[in-house]
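Using the numbering used here, the first residue of the sequence shown is number 1448, and each one after it goes up by one.
Cβ atoms here follow ideal geometry from the backbone N, Cα and C, with glycine treated the same way.
One structure is given here, and the rest of the page talks about it.
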Amino acid sequence: MGRYLAGIAAGLLLTAAALFWWQSRSQAAADETPKPMPVAAEVDDSLPEGDDNAFGAAPPMPASASPVSREQRRFARYDRNRDGIITRAEMLSSRTKAFKALDADHDNLLSFEEWAVATSERYAAADANKDGKVTPPEFAATGPKVKPKPACRC
């Protein structure tokens, strides 16, 4: 029993010592006064004089993505090894969302073969010349059709 009381007393003493040490460090930090910042030279806040009828060049317009670059980015997402050709394995690797979409009753019982058939059919439709490879022009033809922007914000 005496050992337990001695252990508790030692723990309390260590805690009290740590508290006093911590307080003394924060007090020493509070006592330090910050050095005053050097006074800067007086700055003229008035606007510059200028010509009232002056016209400058128009500000640069932000660059917009061309349809070619958009298709190149889309093609690059599928072309994992960056060889300029999408193989069947590369096309099938990104089709997990389509797999979930094919499971109509959401029972997670859609077999891989069923999913692969739908994806293979889509790959075959993209391969216009039936050589087993999808080239960038063939891939661009499979992209979603761009809707025209309305002329006004009605």
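Based on the DSSP secondary-structure assignment, which residues constitute the bridge partners of residue i?
i	result
residue 1533	1581
So residue i and residue j are in contact, right, with Cβ under 8 Å, and what is the actual spacing, rounded?
i	j	result
residue 1587	residue 1518	4 Å
residue 1574	residue 1560	Actually they do not touch by this definition, with Cβ atoms about 20 Å apart.
Cα separation between residue i and residue j?
i	j	result
residue 1516	residue 1522	10 Å
residue 1502	residue 1511	26 Å
residue 1471	residue 1524	60 Å
residue 1454	residue 1467	20 Å
residue 1581	residue 1532	6 Å
residue 1567	residue 1509	40 Å
residue 1557	residue 1598	44 Å
residue 1569	residue 1528	21 Å
residue 1535	residue 1542	11 Å
residue 1600	residue 1547	36 Å
residue 1583	residue 1576	13 Å
residue 1496	residue 1507	25 Å
residue 1595	residue 1513	14 Å
residue 1544	residue 1505	45 Å
residue 1426	residue 1520	Past the edges of the chain, shown from 1448 to 1601, lies residue 1426, and the structure says nothing about it.
residue 1469	residue 1493	51 Å
residue 1449	residue 1459	15 Å
residue 1456	residue 1464	12 Å
Is residue i buried or exposed, if buried means 16 or more other CB atoms sit within 10 Å of its CB?
i	result
residue 1451	exposed
residue 1593	exposed
residue 1539	buried
residue 1578	exposed
residue 1526	buried
Are residue i and residue j touching if we call contact CB-CB under 8 Å?
i	j	result
residue 1549	residue 1565	yes
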